[in-house]
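Protein chains in written order, with the working numbering: chain A, 2 to 200; chain B, 2 to 200.
For every residue, glycine included, the Cβ atom is placed at its ideal position computed from N, Cα and C.
Number of protein chains: 2
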Amino acid sequence: MDKQCKINAFRIGLAQFVTFEENEWEILSQHLSFSTLKKKEHFIVEGKVCDYMCFIARGGVRYYHIKDGQEITGYFSFENELMSAYKSFLKRTPNTNYIQAIEETELVMISHQNLQHMLNHPLLALKMERFGRLVAEHYICCYEDRVTAFITQSPEERYTMLEKTAKDIFQRIPQHFIANFLGITPVSLSRIRKRTLLQ
Amino acid sequence: MDKQCKINAFRIGLAQFVTFEENEWEILSQHLSFSTLKKKEHFIVEGKVCDYMCFIARGGVRYYHIKDGQEITGYFSFENELMSAYKSFLKRTPNTNYIQAIEETELVMISHQNLQHMLNHPLLALKMERFGRLVAEHYICCYEDRVTAFITQSPEERYTMLEKTAKDIFQRIPQHFIANFLGITPVSLSRIRKRTLLQ
DNA sequence: CGAAAACGTTAACAAAAGATAAGGATTTAA
DNA sequence: TTAAATCCTTATCTTTTGTTAACGTTTTCG
């Protein structure tokens, strides 16, 4: 996947939030960097401060915690989505989890420093603030739904819902990661699947 | 509680995100409105589009869903916090839950229309965008922690943690609301409390 | 290619949570 | 003030989940 192709994907992906004019894009694109993660390679590990927010041009990652020596996968991001250890990135605090590529993954990255630079750049500030706001607001809405699911639905209902709304990820992600994501154990998910099949 | 007192509380509360200069504040404060909710009065009900984002100058509210005729309380907000049905407010879609005062509650409110007006106001735009961004980012961090708790902790662990970090809300909120917030039934919370006391 | 690792299912048992109902204490409101 | 509503606890029973381990299959990688 060549650089120009990644940049294009990035620009299209951003259009969901803000559209940049040519002159703005000119500046912004000079503040990007690029990286590739091999499968199982980590984007960030516990204890490090996250220095980049990324756009996934290709591939996918999982977010996981380690608790009592066990990995617990809490989330996934795939191509055309943004990805970062937000809290660490935003607050400049050590990250408390891990982000790992589950496939070969191509990233377009903005360093924290470059982002600050753009937020202070007279020609870009307003649009970058808006971009940041809209991205954050978008994720708030996602989180709202996720928390609501934990509050109002049983694990079985959460599974059924996921199957309806994102069936494709079952082809792409090991089932025990999905179990974690639903807040249950892999064994329990296996049972739920059997139950819901029989009905 | 008089109006000036509410405005002051609001200004101090905002300082956590952005500080407004006198001339900016002059304009902003003309875009505010005020309201009082009596105990059990609703700020918003299911199906309505939320038109205000609020600052709670005094009092508190709970957010709840109705599922199978049952109320399930998912969150609380108290004085000096912001409060809104964010997703509905941001996306202009019908709200899917209820927000109800649990005490007599004093609000400072910004209507969606006034917010847009300020976001388009040349002297205020940048700061309002930043304000919106920082608020949203702040809530993302809160949500991140909340989801992590659901993923990595048992109900009992979530309860213990809550007792450590927010003991005060137990004096202020009926226990069955807290049970919902933890993702369990009131009966189950009562059992957990007994268990953890004995140990 | 072949050994090792990863993965999903199943079983058996223990632990926890849900559902329902009852009882007593407290609060609310007419 | 008194009846009604709210709230928390407890008990009982059912359902679900967690835990551990075993097994067969598939995938990974040297």
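Do B/Val1 and B/Cys55 have their CB atoms nearer than 9 Å? What the structure shows of chain B is the stretch from 2 to 200, and residue 1 of chain B is not part of that stretch, so it cannot be assessed.
Which value, in whole angstroms, describes the spacing of the CA atoms of A/Ser191 and A/Phe171? Cα to Cα, A/Ser191 sits roughly 13 Å from A/Phe171.
Using the beta-carbon of each residue, which ones in chain A are nearer than 7 Å to B/Phe171? In chain order: nothing, as chain A lies at least about 19 Å away.
Closer than 9 Å to chain A by CB, B/Asp3:
no
Buried versus exposed, by CB contacts within 10 Å (16 or more), A/Arg93
exposed
Original post:
Going by DSSP, which residues form a beta bridge with A/Val188?
Top reply: DSSP output for A/Val188 lists no bridge partner at all.
**Asked** With C-beta atoms as the reference, is A/Gly14 less than 9 Å away from B/Glu138?
**Response** no
(request) Given a cut-off of 9 Å, decide if A/Val148 and B/Leu76 are closer than it, judged by their beta-carbon atoms. (result) Per the sequence shown, the amino acid found at residue 76 of chain B is Tyr instead of Leu. A distance below 9 Å separates the beta carbons of B/Tyr76 and A/Val148.
Subject >> 7 Å Cβ cut-off: residues of chain A touching B/Ala126 >> reply: Leu127
| query | Between A/His113 and A/Phe90, which are expected to be in contact by the criterion C-beta below 8 Å, what is the C-beta distance as a whole number of angstroms? | reply | 6 Å
- Query: Taking one C-beta from the region 141-160 of chain A and one from the region 21-33 of chain A each time, how about it: are there three or more such pairs within less than 8 Å?
  - Reply: no
| said: Residues in the same chain with beta-carbon distance under 7 Å from A/Glu25, minus the five sequence neighbours each way, listed in chain order, please. | reply: Leu124, Leu125 and Lys128
Can you tell me whether A/Gln71 is helix, strand or coil according to DSSP?
Strand at A/Gln71.
query: With 9 Å set as the bound, which would you pick, yes or no: does the beta-carbon of B/Asp1 sit closer than that to a beta-carbon of chain A?
result: The structure shown does not extend to residue 1 of chain B, since chain B is modelled only from 2 through 200, so no value can be given for it.
Under 9 Å, Cβ to Cβ, is there at least one residue of chain A near B/His118?
no
Review point. Whose C-alpha, out of B/Arg196, B/Lys39 and B/Ile103, is nearest the C-alpha of B/Pro175?
Key: The shortest Cα separation from B/Pro175 among B/Arg196, B/Lys39 and B/Ile103 belongs to B/Ile103.
Where does A/Leu199 land, buried or exposed, given buried means 16+ other C-beta within 10 angstroms? exposed
4 or more residues per run - each alpha helix (DSSP H) lying fully within the region 55-104 of chain A:
Within the region 55-104 of chain A, the complete alpha helix (DSSP H) runs of at least 4 residues are 87-92.
Can you tell me which of the three DSSP states B/Thr20 falls into? coil
message: What would DSSP say about B/His1, mapped onto helix, strand or coil?
response: In this structure chain B extends from 2 to 200, so residue 1 of chain B is not present and cannot be described.
Worksheet item: What residues from chain B crowd round A/Lys68, counting only those whose CB sits closer than 7 Å?
Response: Per Cβ cutoff of 7 Å: Thr153.
Interface flag, B/Lys40 vs chain A, CB-CB below 9 Å: no
List, in order along the chain, the chain A residues whose C-beta lies closer than 7 Å to that of B/Ala137? Here the neighbours are Arg134, Ala137, Glu138 and Ile141.
Quiz prompt | Nearest candidate by alpha-carbon position, reference B/Gln101, set B/Glu82, B/Lys195 and B/Ser78 | solution = Ranking B/Glu82, B/Lys195 and B/Ser78 by Cα distance to B/Gln101 puts B/Ser78 first.
Original post:
Thinking just about the alpha-carbon of each residue, which of A/Tyr65, A/Lys41, A/Phe18 and A/Thr106 is nearest to the one in B/Ile152?
Top reply: A/Tyr65
Starting from B/Glu107 and walking both ways along the beta strand (DSSP E), at which residues does that stretch end? For B/Glu107, the enclosing beta strand (DSSP E) begins and ends at Thr106 to Ser112.
- prompt: Are there 16 or more other CB atoms within 10 angstroms of the CB of B/Met84, so buried, or fewer, so exposed?
  reply: buried
Along the region 52-78 of chain A, what residues have a CB closer than 7 Å to any CB found in chain B?
-> His66, Lys68, Ile73 and Gly75
Taking the beta strand (DSSP E) that B/Ile45 belongs to, which residues open and close that run?
Annotation: the continuous beta strand (DSSP E) that includes B/Ile45 extends over His43 to Ile45.
Legend entry - DSSP-derived helix/strand/coil call for B/Ser30: helix
* **8 Å Cβ cut-off: residues of chain B touching A/Lys49** => Within 8 Å Cβ-Cβ: nothing; A/Lys49 doesn't reach chain B, min ~16 Å.
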